[in-house]
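Student: I'd like to ask you about the structure that follows.
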Amino acid sequence: MAMKINTGEFHERVEKGIHNTFMRGAVAGAQERLRTRRLEAAAELGNWEQWRALGEEIRKHTLENLDYYLMQLSENVKKRGGHVFFAQTAEEANDYICRVVESKQAKKIVKSKSMVTEEIHMNAALEKLGCEVIETDLGEYILQVDDHDPPSHIVAPALHKNKEQIRDVFQEKLAYTKTEKPEELALHARHMLRHEYMTADVGITGCNFAVAETGSITLVTNEGNADLVTALPKTQITVMGMERIVPTFEEMEVLVSLLTRSAVGQKLTSYITVLTGPRDEGEVDGPEEFHLVIVDNGRSDILGTEFQPVLQCIRCAACVNVCPVYRHIGGHSYGSIYSGPIGAVLSPLLGGYDDYKELPYASTLCAACTEACPVKIPLHELLLKHRQTIVEREGKAPISEKLAMKAFGLGAASSMLYKLGSKIAPTAVHPFTINDRISKGPGPLKAWTDIREFPAPEKERFRDWFKQRGEE
Amino acid sequence: MEAFLQRLASRLGRDMPTFVERPQWKHAPQQTVFQGYSQDELLAELKKQCTRIHTTLVETNTAELQQTIEQVIDAHGGGPIVVANDERYEQVGLSSFLKREDVHVWDVSLGRANIEAAEKANVGMTFSDITLAKSGTVVLLNHHNQGRTISFLPKTYVAIIPKSTIVPRMTQAASIIREQKHVPSCINFITGPSNSADIEMNLVVGVHGPMKATYIVITDC
Ligand code: SF4
Chain Y
1 MAMKINTGEF HERVEKGIHN TFMRGAVAGA QERLRTRRLE AAAELGNWEQ WRALGEEIRK
61 HTLENLDYYL MQLSENVKKR GGHVFFAQTA EEANDYICRV VESKQAKKIV KSKSMVTEEI
121 HMNAALEKLG CEVIETDLGE YILQVDDHDP PSHIVAPALH KNKEQIRDVF QEKLAYTKTE
181 KPEELALHAR HMLRHEYMTA DVGITGCNFA VAETGSITLV TNEGNADLVT ALPKTQITVM
241 GMERIVPTFE EMEVLVSLLT RSAVGQKLTS YITVLTGPRD EGEVDGPEEF HLVIVDNGRS
301 DILGTEFQPV LQCIRCAACV NVCPVYRHIG GHSYGSIYSG PIGAVLSPLL GGYDDYKELP
361 YASTLCAACT EACPVKIPLH ELLLKHRQTI VEREGKAPIS EKLAMKAFGL GAASSMLYKL
421 GSKIAPTAVH PFTINDRISK GPGPLKAWTD IREFPAPEKE RFRDWFKQRG EE
Chain V
1 MEAFLQRLAS RLGRDMPTFV ERPQWKHAPQ QTVFQGYSQD ELLAELKKQC TRIHTTLVET
61 NTAELQQTIE QVIDAHGGGP IVVANDERYE QVGLSSFLKR EDVHVWDVSL GRANIEAAEK
121 ANVGMTFSDI TLAKSGTVVL LNHHNQGRTI SFLPKTYVAI IPKSTIVPRM TQAASIIREQ
181 KHVPSCINFI TGPSNSADIE MNLVVGVHGP MKATYIVITD C
């Protein structure tokens, strides 16, 4: 499975994560800052809950009519002279992209950050053709230069690296001679990448939101790298997960606002760019040729199931930034490019339970993720559903929660899990709760409660506990 | 495509719809932002926001515009300058400015040489078509006489903002764009200079695009 990162067992990865002190500090610090900024941004709006409700409504409606909106999108892209390819699988997507690249006899490709191209392992497919694929997002560029170190956070992929490590990598690989100051490092990257944009044959981007009504794609960055990736090379290929679509500009702007506030606490990021087709007649910059690749790769299997809400995701990472388990184990432990609560829900769906059956246990079910999600995905309930499915299928859990919590260094969590799980997931658990103890539930719940040992609730409330942990 | 979409329809448990009506959304919090604000009030909000996005805002009027622009450019180290081929320059009295030696006016007939000029330029300058008070954003509806790279390749980006272009937020821009017969091939929403926090969460300004941004608001236009 291509979205997979890291080899080794789940336990080993977790073990490694917990013992990486710098990573843990960086993750905790980043979580704290991003979370605070998001909360401030939400508070500043005043009516955050209304915004979330609107976001949820738009995403739900779009998913319920996904076939229609995708058809509309594709027709409108074609009307503007673009090419559209629907890829059922990762292989189909890569084959098409490779064919386009070959037909252009392209050698150098610049790329802006995109989760879906990571998911389908596009870079490897292109490198096999003999192409050079250059990541232009600063975080991704750092990882690439460092022998393809995998990303550890959805919006801050190089979060696990400190500036000294980055300086060393730049010195070794890019003939860098200055200090570890972030400004100097970034300036060097700017210089190197400017040359790459100017000489690349093809630019490849992801897509934050496609707009069905006009056949446009929207790219959200702070660096502006996506703009240079699309303005300078002659050919542009945009790869999108099929669910990243909205009906019109009006919904696009609402979701962009939710995304930027939730991801980085900004009203809007520095650059939001809406591209429609290839360049118009007479234009000097912008691509001559535009290809849109719409990727399924397991998403349609989620449609129509109880997990459908996960497709509402706009990849803001707000859930990641509040997750106490992520805080302890870091992004790499998830073994998938999708980390944190969203990763724990999505990875088993896209990558299968064989590889990812432990992930639904990488959660305290404290529901902080659900509360943070700007499009109201019931993440912790979906994690519970995964556990039920796994237990149903395998007859037992792959890992007991007590053990999992211990492995995560979250000793207090298992009582907390009980307390909060029963408080916040009442629909799932409540009918079987007697005297604050969960009795053996019937059906799927039975197997689930069988492997659970619920200790008496502790006095400490989760929020206090989390706060205390946060100050460690 | 057929098979791909058919599969989605069947997963959704129905035939593929031939028409979907966009619902009336139950909530519309975006519509109430700065509702009923005057242009003066919107400008005040825009100014407030600029202090948060590393962007200098300068107010001027048409009579002093050229002088203001020259001051701003000097303060950023002078030319070369690249600008769009835009009739609004003349309308606001900037014809003689465009004749300056160090100004490159975008010229379709020169092809890629325009991009090279932008690459070498110290300052790139365009008009803002729509300006968003809430976020401090300028919206550029690019076209063949206004290349995309004008606002990206030079070290400094200067936006000329007629006060009349200021609206509350992106909501108004979205409906203005929807009304257009032809959606431009590239629309930029620019909110301050390029930046990144990828190295230890430190904010670094000027990563790929401009390192500095200045907005010049023309208050009588
Ligand atoms: S699940 Fe929600 S909070 Fe998490 S990344 Fe997706 S949209 Fe953001």
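So the protein sequences, as listed, match chains Y and V.
In terms of full-length UniProt numbering, the first sequence opens at residue 1 and continues consecutively.
In terms of full-length UniProt numbering, the second sequence opens at residue 1 and continues consecutively.
No residue lacks a Cβ here, since even glycine has one placed at the ideal position from N, Cα and C.
Buried or exposed, going by whether 16 or more other CB atoms sit within 10 Å of the CB of Y/Glu56?
Tutor: It is buried - the Cβ of Y/Glu56 has at least 16 other Cβ atoms within 10 Å.
Student: Taking Y/Gly330 as the query, report the chain V residues whose CB atoms sit under 9 angstroms from its CB, ordered along the chain.
Tutor: Result: empty, since nearest Cβ-Cβ is about 15 angstroms, beyond 9 angstroms.
Student: Any heavy atom of the ligand SF4 within a distance shorter than 7 angstroms of the CB on Y/Val375?
Tutor: Yes, the beta carbon of Y/Val375 sits closer than 7 angstroms to at least one heavy atom of the ligand SF4.
Student: Can the beta-carbon of Y/Pro278 be found closer than 8 angstroms to that of Y/Val110?
Tutor: No, they are not a contact pair.
Student: Any C-beta of chain V sitting closer than 8 angstroms to the C-beta of Y/Gly443?
Tutor: Confidence in Y/Gly443 is poor, its pLDDT being 32 and thus under 50, which makes the residue's placement unreliable; the coordinate value appears in the next sentence. Output row for Y/Gly443: interface = no.
Student: State the Cα-Cα distance for the pair Y/Leu292 and Y/Arg13, rounded to the nearest angstrom.
Tutor: Those two C-alpha atoms are separated by around 36 angstroms.
Student: How would you call Y/Phe209, buried or exposed, if buried means at least 16 neighbouring beta carbons within 10 angstroms?
Tutor: Buried is the call here.
Student: Closer than 9 angstroms, Cβ to Cβ, to anything on chain Y: give me those residues from the region 25-50 of chain V, in chain order.
Tutor: Per Cβ criterion, the list reads Trp25, Lys26, His27, Ala28, Pro29, Gln30, Thr32, Val33, Gln49.
Student: In whole angstroms, what is the alpha-carbon distance linking V/Asp74 and V/Thr149?
Tutor: If I take the Cα positions, the gap works out to 22 angstroms.
Student: Under a three-way DSSP split, which group does Y/Thr177 fall into?
Tutor: Reduced to three states, the DSSP call for Y/Thr177 is coil.
Student: According to the Cβ coordinates, are Y/Lys396 and Y/Arg52 closer than 8 angstroms?
Tutor: No.
Student: Hey, is V/Cys50 close to the ligand ADP, as in C-beta under 7 angstroms from one of its heavy atoms?
Tutor: What this structure holds is the ligand SF4, not the ligand ADP.
Student: With DSSP as the reference, label V/Tyr37 as helix, strand or coil.
Tutor: Coil, per DSSP.
Student: If you measure between the beta carbons of Y/Leu63 and Y/Val264, is that distance less than 8 angstroms?
Tutor: Result no, Cβ atoms of Y/Leu63 and Y/Val264 do not sit closer than 8 angstroms.
Student: Please list the terminal residues of the continuous alpha helix (DSSP H) segment that includes Y/Asp147.
Tutor: Counting along the chain, Y/Asp147 falls outside any alpha helix (DSSP H), and DSSP gives it neither H nor E.
Student: Taking the straight line between their C-alpha atoms, what separation do you get for Y/Gly81 and Y/Thr364?
Tutor: Cα-Cα distance, rounded: 49 angstroms.
Student: Quick check on DSSP: helix, strand or coil for V/Met1?
Tutor: Coil.
Student: Out of Y/Phe307, Y/Glu289, Y/Glu172, Y/Glu164, which one is the CA nearest neighbour of Y/Asp147?
Tutor: Of the candidates Y/Phe307, Y/Glu289, Y/Glu172, Y/Glu164, the one whose C-alpha sits nearest the C-alpha of Y/Asp147 is Y/Glu172.
Student: May I have the straight-line CA-CA distance separating Y/Ser400 from Y/Arg327, to the nearest angstrom?
Tutor: The straight-line gap from Cα to Cα measures roughly 20 angstroms.
Student: In its own chain, which residues sit with a C-beta less than 7 angstroms from the C-beta of Y/Thr269, not counting the 5 before and 5 after it?
Tutor: Val220, Thr221, Asn222, Thr260.
Student: Assign V/Arg112 to buried or exposed, taking buried as 16 or more other Cβ atoms, counted over all protein chains shown, within 10 Å of its Cβ.
Tutor: By the 10 Å Cβ count, V/Arg112 comes out exposed.
Student: What separation, rounded to the nearest whole angstrom, lies between the Cα atoms of Y/Leu39 and Y/Cys373?
Tutor: Those two C-alpha atoms are separated by around 12 angstroms.
Student: When DSSP builds the beta bridges, which residues end up paired with Y/Gly29?
Tutor: DSSP, once it has assigned bridges, lists no residue as partnering Y/Gly29.
Student: Taking Cβ to Cβ, would you say Y/Pro378 is nearer than 8 angstroms to Y/Thr370?
Tutor: Contact: yes.
Student: Among Y/Asp280, Y/Glu358, Y/Ile329, which has the Cα closest to the Cα of V/Val108?
Tutor: It is Y/Asp280 whose Cα lies nearest to the Cα of V/Val108.
Student: Looking at the C-beta of Y/Glu289, does it have a partner C-beta in chain V at a distance below 8 angstroms?
Tutor: Chain V, which has no Cβ nearer than 8 angstroms to the Cβ of Y/Glu289, makes this no.
Student: Among the candidates Y/Thr177, Y/Ala226, Y/Met198, whose CA atom is the shortest distance from the CA of Y/His188?
Tutor: Per the Cα distances, Y/Thr177.
Student: Quick one: using the 10 Å Cβ neighbour count with 16 as the cut-off for buried, is V/Glu179 buried or exposed?
Tutor: So V/Glu179 counts as exposed.
Student: Does the contact criterion of 3 or more C-beta pairs under 8 angstroms hold for the region 184-202 of chain Y versus the region 82-94 of chain Y?
Tutor: With the cut-off at 8 angstroms, the region 184-202 of chain Y and the region 82-94 of chain Y do not touch.
Student: What's the gap between the Cα of Y/Pro457 and the Cα of Y/Leu383?
Tutor: In this predicted model, Y/Pro457 has a pLDDT of only 30, less than 50, meaning its place in the structure is not dependable enough to derive any value.
Student: Figure out for me which residue from V/Ile161, V/Arg22, V/Arg7, V/Ala118 has the closest Cα to the Cα of V/Arg88.
Tutor: Taking only the C-alpha atoms, the option nearest V/Arg88 is V/Ile161.
Student: Could you check where the alpha helix (DSSP H) with Y/Phe10 kicks off and where it finishes?
Tutor: Residues 10-19.
Student: Note the first and the last residue of the continuous alpha helix (DSSP H) segment covering Y/Tyr356.
Tutor: Looking at the DSSP string, the run of the alpha helix (DSSP H) that includes Y/Tyr356 is 353-356.
Student: Using only the alpha-carbon positions, how far apart do Y/Ala26 and Y/Ser333 sit?
Tutor: Taking the straight line from one Cα to the other gives about 15 angstroms.
Student: Alpha carbon to alpha carbon, how far is Y/Met405 from Y/Cys323?
Tutor: For Y/Met405 and Y/Cys323, the distance between alpha carbons rounds to 13 angstroms.
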